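Working notes, beginning with the structure itself.
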Amino acid sequence: MKFFDLDSPIMRFLSKIADLFILNFLFLLCSIPIVTIGASSIALYSITLKSVRNEESYIVRNFFLAFRKNLKMGLIAWIMVLLFGAILFFDFQFLPFVPAPFGTILRVLTLFVLFLYAIVTLYLFPYIARFENTIAGSFKNAFLLAVVHLPYTLLLVVILALTSYATLHLNLAVVCVLWLLIGFSGIAYINAYCFRNIFEKHEK
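Residue numbers (our numbering): 255 to 458.
Here's what the structure looks like:
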């Protein structure tokens with residue numbers, strides 16, 4: 255029956271879902287030490303970026319290859335992201351004690367910096383997954399790409415906001431199951447379509 259053909263749309267869809275389940279498990283497994291989340295994110299995007307380009311990829315083998323290759327870079331990038339995030343967090347804790355109008359100005363500036371931090375972080379690990387560069391160069395180019403491709407950046411921010419909203423407002427058990435099964439790989443796969451269009455314009 256055509257329904258069960260390996261090349262039928264329904265079978266390709268089911269195969270993709272199965273791949274995302276496996277990829278999500280690998281990401282969670284390699285993120286357990288916490289400090290390796292950066293390298294896991296790079297490996298996650300190395301697979302999803304290939305997937306949306308219809309490039310053949312052996313998920314388990316290529317995930318661990320990308321993880322090992324980018325372990326040092328991912329570790330440094332993730333620590334820098336965490337440190338800057340911690341600084342922003344403490345800034346927000348301090349802001350309520352700053353009197354107006356200076357406090358209002360600081361809030362606006364801090365929110366702007368938070369937006370820049372978010373968009374650079376969104377681009378950073380997919381960029382490292384696709385291009386060879388230094389840490390400083392990766393951060394710089396992640397920022398430049400986010401600014402140059404602002405419509406895509408805003409779309410990525412909307413996806414992040416919707417995901418965060420759903421996580422906070424859906425049933426806790428449902429949210430946990432979704433994140434454990436397909437949440438991280440699913441979001442990375444959706445985002446990869448945006449990054450594919452962005453990166454292709456610069457690869458040439």
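For every residue, glycine included, the Cβ atom is placed at its ideal position computed from N, Cα and C. Keep in mind it's a predicted model, so treat the numbers as computed, not measured.
If the criterion is Cβ atoms closer than 8 Å, does the pair residue i and residue j meet it?
i    : j    : result
S469 : G328 : The structure shown has nothing for residue 469, since the chain only spans 255 to 458.
Y443 : T290 : no
Y381 : G339 : no
N316 : A293 : no
S439 : L319 : no
V374 : A400 : yes
C284 : F343 : no
Please classify residue i: does DSSP put it in a helix, a strand, or coil?
i    : result
L424 : coil
N445 : helix
F453 : helix
R307 : coil
N387 : coil
Y381 : helix
T236 : The structure shown has nothing for residue 236, since the chain only spans 255 to 458.
Judging by CA-CA distance, which residue of the options is the nearest neighbour of residue i?
i    : options                   : result
V411 : V431, M334, C448 and P263 : C448
A331 : F351, I441, S392 and P287 : S392
Q347 : L378, I441, L282 and L365 : L365
A415 : I333, L404, L434 and F369 : F369
T417 : P350, L268 and I441       : I441
F281 : I313, M265 and L268       : I313
P287 : L408, P405, I333 and P353 : I333
F453 : L435, V306 and A420       : V306
Considering residue i, what are the terminal residues of the alpha helix (DSSP H) in which it resides?
i    : result
A354 : From DSSP, A354 is part of no alpha helix (DSSP H); its letter is neither H nor E.
I264 : P263 to S285
I330 : L325 to F348
Let me know if residue i comes out buried or exposed under the rule of 16 or more other beta-carbons within 10 Å of its beta-carbon.
i    : result
N451 : exposed
V335 : buried
R384 : buried
T407 : buried
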